Amino acid sequence: MTTFNLSLTTLLVSSALLLGGCSPQQQQQTTAGQAEQKQLSEADAIAFLKDTETKLVQLYKESNRAEWIYSNFITEDTASLAADVNEKLTVEMVQLATAAAKFDKVALSADSRRKLDKLKLALTLPAPQDAAKTAEMAKIVAELGGMYGKGKYCKADGSCLSLGEMSAIMASSRDYDEQLAMWQGWREISKPMRPLYQRLIELTNEGAKELGYADTGAMWRSKYDMPADDFAKELDRVWGQVKPLYESLHCHVRSKLSAQYGADKVPLDKPIPAHLLGNMWAQSWGNVYDLVAPKDADPGYDVTELLAKHNYDEIKMVRGAEAFFSSLGFAPLPDTFYQRSLFIKPRDRDVECHASAWDLDAKDDLRIKMCIQRTGEEFSVIHHELGHNYYQRAYKDQPVYYQESANDGFHEAIGDTIALSVTPDYLKQIGLLDKVPDESKDIGLLLKMAMDKIAFVPFGLLVDQWRWQVFNGQITPEQYNEAWWQLREKYQGVAAPVARSEADFDPGAKYHVPGNVPYTRYFLAHILQFQFHKALCDIAGNEGAVHRCSIYNSKEAGTKLNQMLEMGSSQSWQQALEVVTGKPEMDATAILAYFAPLQAYLDEQNKGLQCGW
Ligand SMILES: [Zn+2]
718 MTTFNLSLTT LLVSSALLLG GCSPQQQQQT TAGQAEQKQL SEADAIAFLK DTETKLVQLY
778 KESNRAEWIY SNFITEDTAS LAADVNEKLT VEMVQLATAA AKFDKVALSA DSRRKLDKLK
838 LALTLPAPQD AAKTAEMAKI VAELGGMYGK GKYCKADGSC LSLGEMSAIM ASSRDYDEQL
898 AMWQGWREIS KPMRPLYQRL IELTNEGAKE LGYADTGAMW RSKYDMPADD FAKELDRVWG
958 QVKPLYESLH CHVRSKLSAQ YGADKVPLDK PIPAHLLGNM WAQSWGNVYD LVAPKDADPG
1018 YDVTELLAKH NYDEIKMVRG AEAFFSSLGF APLPDTFYQR SLFIKPRDRD VECHASAWDL
1078 DAKDDLRIKM CIQRTGEEFS VIHHELGHNY YQRAYKDQPV YYQESANDGF HEAIGDTIAL
1138 SVTPDYLKQI GLLDKVPDES KDIGLLLKMA MDKIAFVPFG LLVDQWRWQV FNGQITPEQY
1198 NEAWWQLREK YQGVAAPVAR SEADFDPGAK YHVPGNVPYT RYFLAHILQF QFHKALCDIA
1258 GNEGAVHRCS IYNSKEAGTK LNQMLEMGSS QSWQQALEVV TGKPEMDATA ILAYFAPLQA
1318 YLDEQNKGLQ CGW
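According to my numbering, the sequence shown holds residues 718 to 1330 in order.
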């Protein structure tokens, strides 16, 4: 799925840092900076930031081009060239962060301070200054990535399955033991990661301390324009708002799974066994929707069929999504977008098909890369990807430091906000659908969406809850796995289907842990998209149910949206949020409003059941 791809800056910085590393010679150049001995001033900071800006623009452009070529022509050579460019970028970013930290005690304007902080915080995994340790860390990062990427489950008969194959079985199998075999098999790959991960935590914490942070988790939480501890509390507050809806969903799904597999396998008062939700990590449940679907939930149309009936090919689907943005008042995409994007899977070469949106030059060279299938789901995904592109274009005139979303949750949230407007009413307005089904058909659509998006929320929260506590030492290496399952049970109400021990390392079976990709952004995106959607619908003058609203054709909503997008990260995310929603706080009541009809349905369904775990 495309829900999780990256904006320009994030892509570059994070992929660069995954490669890690910095040679001793190169490091010397940085630390022996020109202003080493003298008292640093604001003027020095401004000069440093100006030089750095020029350097970054060039580096980003180069790295983007190398990545684009690699993703579109995957060969040994393009991989090697892309890795070289990324390594160069990493080295530079480590140097720049270190240099930026020298201004920590200098009195500066708010703008200079913000830019320097952006530089320091661009590092996902700060490495220690010590060259040997930096090299050790880079090696571990590469090894962990390799273990995950090459991970396979080999059965007794010698045949092996990839994660993709296992995920497909998890999605479609309704055989308890077969799903269990996949679930257990995949978790074999992460056992050997444990000592490496433990060492990685020690090393990166040392790097974070050198940059002035208590630990790497505190550094991650410092990106959010509020004290690190307040941010953690804020997430808990928002989760508290969503929790009753999640518990209702959990209760209903559990009763249906219990009916399917038997109350001995799925007891009605215990956490759900984690392998029965159609997903390797039980993080989204849409794949088992058929077990839960209400009778009579069929909306009576199928967008995939409608697209075929109206002769939509891949290009016409993209033009259609572009027209959505034009209806909001955004300027058309440049011709180069259509000339340079990848829309169709080539027959003669390997490409990275995972959908993504690109901005090659931070001017107007926007592209998407996607192997479009002519389905209703992909039609929504194209709207989502273009959301990234319009965001990128909106902030292109900001200084390079601010050419990113207001926080890392905003980019994904914007793409999804747009996709939430792909409603039956919108499909009717663009001539795909003849008649909008009546509201009684909405429960099926809402339930399916909740199984993907509401089911995800506690998982989106707990991955970094675990990691933050690992970084700060509250979870010791002897408790890695136990603590992981405590959190999964507490937040998600799911449990390991078989006994686990500290010989296992189940967090490592989730890409973002060995891949060192922060996860809170996905939690934020899931909350914010509903908040944006509701606010924009209000601005558009919507008076009906918020889940039926599309902002299509509303210039007022488009203007307000653009006003926020243009800010990039130049102001705090709270200020950006306020532009669209009128208030500076996250608020999950928009989720509750969106799913209100579903909540009523679930309450009815759950009557007489003992909910909770
Ligand atoms: Zn996305």
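Where a beta carbon is used, it is the ideal one built from N, C-alpha and C, also for glycine. Remember, predicted model here, so these are calculated numbers, not experimental data.
Residue nearest to residue i in terms of C-alpha spacing, selected from the options
| i | options | result |
| --- | --- | --- |
| D942 | D1320, V1297 and Q1291 | Q1291 |
| Y1143 | A1216, F1042 and K1086 | F1042 |
| K837 | G1232, M1166, D847 and K819 | K819 |
| P1175 | L962, K1165 and R1066 | L962 |
| I1308 | A945, C1266 and I1171 | I1171 |
| S1157 | A1216, P1016, E1069 and Q1146 | P1016 |
| G1258 | T1140, Q1248 and N1270 | N1270 |
| G1132 | H1100, P1154, V823 and K982 | H1100 |
| E1069 | L773, K772, E784 and T1134 | E784 |
| M1087 | D1078, P1063 and V1187 | P1063 |
| Y865 | L798, E1295, I906 and G902 | I906 |
| K822 | F765, Q846 and Q756 | Q756 |
| P1314 | V1215, A844 and D1159 | D1159 |
| A1027 | L1150, P1141, L833 and L1253 | Per the sequence shown, the amino acid found at residue 1027 is His instead of Ala. Comparing Cα-Cα distances from H1027 to each of L1150, P1141, L833 and L1253, the minimum goes to L1150. |
| S1058 | W1202, I786 and S1218 | I786 |
| A925 | A945, A1252, Y1236 and P843 | P843 |
| P1194 | E964, M910, A945 and R954 | M910 |
| P845 | K940, G929, A1293 and H969 | G929 |
| A1136 | C1266, A1310, M887 and M899 | C1266 |
| L1077 | E1129, M854 and E779 | E779 |
| A1010 | L966, D986 and K856 | L966 |
Bridge-paired residues (DSSP) for residue i
| i | result |
| --- | --- |
| P990 | A1212 |
| S879 | K869 |
| W1075 | R1084 |
| L1059 | K1086 |
Whole-Å CB distance - residue i paired with residue j, under 8 Å assumed
| i | j | result |
| --- | --- | --- |
| P1116 | E770 | 6 Å |
| G1177 | H1243 | 6 Å |
| A1072 | N1106 | About 12 Å; that fails the 8 Å criterion. |
| L952 | F1240 | 7 Å |
| K1277 | V1297 | 6 Å |
| N1189 | D981 | Incorrect: roughly 40 Å between the Cβ atoms, too far for contact. |
| A1274 | I1268 | 4 Å |
| D702 | Y1236 | Beyond the ends of the chain as shown, which are 718 and 1330, falls residue 702; an answer cannot be given. |
| W937 | M997 | The pair is not a contact, with the Cβ atoms about 24 Å apart (cut-off 8 Å). |
| F1249 | T1134 | 4 Å |
| Y777 | G1225 | The Cβ separation is near 31 Å, so there is no contact. |
| R891 | Q977 | 7 Å |
Buried or exposed (CB count within 10 angstroms, at least 16 for buried), residue i
| i | result |
| --- | --- |
| Q1280 | exposed |
| Q744 | Legend: pLDDT at Q744 = 36, less than 50; position of this residue unreliable, value from coordinates given subsequently. Buried, by the Cβ-count rule. |
| P741 | Reliability fails at P741, whose pLDDT of 31 lies under 50, so the model's placement of it is uncertain and no value is given. |
| Q775 | exposed |
| C871 | exposed |
| C877 | exposed |
| Q812 | buried |
| D1067 | exposed |
| T792 | exposed |
| V1234 | buried |
| A1220 | exposed |
| D894 | exposed |
| V1187 | buried |
| P912 | exposed |
| K1300 | exposed |
| R1184 | buried |
| T1306 | exposed |
| R832 | Looking at the sequence provided, one finds Lys at residue 832 rather than Arg. Flag for K832 reads buried. |
| Q1000 | buried |
| V1215 | exposed |
| G1325 | exposed |
| A816 | buried |
| D1223 | buried |
| Q896 | buried |
| G875 | exposed |
| S1122 | buried |
| E1129 | buried |
Closer than 9 Å to chain C by CB, residue i
| i | result |
| --- | --- |
| Y963 | In the displayed structure, chain C is absent; only one protein chain is listed. |
Check: Any contact of the segment 1088 to 1097 with the segment 1011 to 1024, i.e. 3+ C-beta pairs under 8 Å?
Finding: yes
Check: Taking three-plus beta-carbon pairs below 8 Å as touching, is the segment 1076 to 1091 in contact with the segment 1046 to 1057?
Finding: yes
Item checked: contact_flag[the segment 994 to 1005, the segment 1032 to 1048] where n(CB pairs < 8 Å) is 3 or more -> In short, these stretches do not touch, since the Cβ pair count stays below three.
Item checked: Touch test, the segment 1205 to 1212 against the segment 982 to 991, Cβ-Cβ under 8 Å, three pairs minimum -> yes
Notebook entry, point to check: Does the segment 1280 to 1289 come close enough to the segment 1323 to 1330 to have 3 or more Cβ pairs within less than 8 Å?
Noted result: no
Next item on the list: Pair every Cβ in the segment 1029 to 1041 with every Cβ in the segment 756 to 769, then say whether three or more of these pairs are closer than 8 Å.
Entry: no
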